[in-house]
Every structure is written in C-alpha cells, then in structure tokens.
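Participant: A single structure is presented below for examination.
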Amino acid sequence: MPGRGRCPDCGSTELVEDSHYSQSQLVCSDCGCVVTEGVLTTTFSDEGNLREVTYSRSTGENEQVSRSQQRGLRRVRDLCRVLQLPPTFEDTAVAYYQQAYRHAGIRAARLQKKEVLVGCCVLITCRQHNWPLTMGAICTLLYADLDVFSSTYMQIVKLLELDVPSLCLAELVKTYCSSLECGGTILAHCSLELLGSSNLPAS
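Right, dumping it as structure tokens:
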C-alpha cells in the first residue's frame, strides 16, 4: 500500500492491517511478516504493574526468530487457551509449529496458509491425545477455508512424518452427550445408532 513501505523479509508492498486478538498490526499479505506490532496491556509476570509491552519483548523467544514466526507461535498459544487445552497440549502444538516453520515451503507460503497452519498444529495435537475436536470447529474459530485447511493439515502430517489417528464419531458423540448432561438412555441410544459406523473419522 502506498506510504507504508516494504516488507523487511520479502520486499513486498502488499501490507495490510490485521487486528486478530485485538492487537492492531501491519502484516505482509505475501509472507505473513509482522511489519509493525501492537502492544499487550499486560504480561503474566507484570500484571500488577499493567505495563504495556510489545509481544516480542513479552516472550522468551530467541531474537533470531522472525516476526512472522513469533506471530504464529502467539496464535497457537492463544488458540490452545481459547479451547482450554491442557498446558502439555499447548507445548506440543508449539513444537509442531516450530518444526513445520523450519521447512522453506512453509516459510515462503502465503499468509492464508500460515494462518491455517496454526489450527493444523493444534488439531494434530488434539487428535494424538484423542481430544474430541473436529476440523470444522477449528475452521469456524479461525474463519478458515475448509479445503485450504484440509490440504495444509495433510501436508503437515506428511512433512513431519506424524502418526495421527482419526477422530471416532462414537467418542465425539459420547463427549458431547456428557457435556450436555444427557441421561444414560440417550447416550446408549446414540451409541447403538453409531455402532455400525463407530470407526468412521470425523472431519
């Protein structure tokens, strides 16, 4: 955009405003680099003082980590917390994101693909721990295109050579019934209905 300069990573002039998680930033739409970043009103270690700090100063990330990667790592953590996942899940998802980002094809990908990469790493982690989360639910949270998400998901699984089990529909229904405090009769009925298709994966 005129008057906003160029991306320091790829030289593109396609810079766009981004306000995900209420943090106003100027982001390169070609490579995902954060050209200017907003501020966080607090950090976990400084909540009492309510000091404003930039994201890069609020983390222990190595300074050599690109701003684009820092932005992605933050979103992985934010998504895990929105989903109220255990801390171990968050650590695993972050590790997968870092591993994926080491590949040149991922670093050079357009912003849309980097956005869904965040969700892919979280979904892979949930599937490995048999946590009932669907691809559709993640896409809804991220406003992501299901086809782009699905292709990126399969690419990451293959790229990192991961063993990821499918989500069982019967287990998913059982979890939802429990969360809704459905009676045993309803749960038993649902289980019988799904008995013939209990091994089908859920997207």
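Once you know that position 91 of the sequence shown is 91 in full-length UniProt numbering, the rest is easy, because the numbers rise by one and skip nothing.
All residues carry an ideal CB built from backbone N, CA and C; glycine is no exception.
Remember, predicted model here, so these are calculated numbers, not experimental data.
Are the CB atoms of residue 210 and residue 116 nearer to each other than 8 angstroms?
Facilitator: Outside the shown range of the chain (1 to 203) lies residue 210, about which nothing can therefore be said.
Participant: Of the residues 125, 150, 130 and 128, which one's Cα is nearest the Cα of residue 136?
Facilitator: For the residues 125, 150, 130 and 128, the minimum Cα distance to residue 136 belongs to 150.
Participant: Rounded to the nearest angstrom, what separates residue 76 and residue 11 at their Cα positions?
Facilitator: Between residue 76 and residue 11, the C-alpha separation is close to 26 angstroms.
Participant: Measure from the alpha carbon of residue 106 to the alpha carbon of each residue in 84, 128, 155 and 9, then state which is nearest.
Facilitator: When each option's Cα is compared against that of residue 106, the closest is 155.
Participant: Tell me where the alpha helix (DSSP H) around residue 80 begins and ends.
Facilitator: Element bounds for residue 80: 67-82.
Participant: For a test of the three-state rule: what should DSSP assign to residue 59, helix, strand or coil?
Facilitator: Interpretation of residue 59 is limited by its pLDDT of 46, a score under 50 that renders its predicted location unreliable; the figure taken from the coordinates is listed afterwards. Coil.
Participant: Can you check whether the CB of residue 67 is closer than 8 angstroms to the CB of residue 33?
Facilitator: Contact: yes.
Participant: When you compare the CB positions of residue 133 and residue 29, do they come within less than 8 angstroms of one another, or not?
Facilitator: No, they are not a contact pair.
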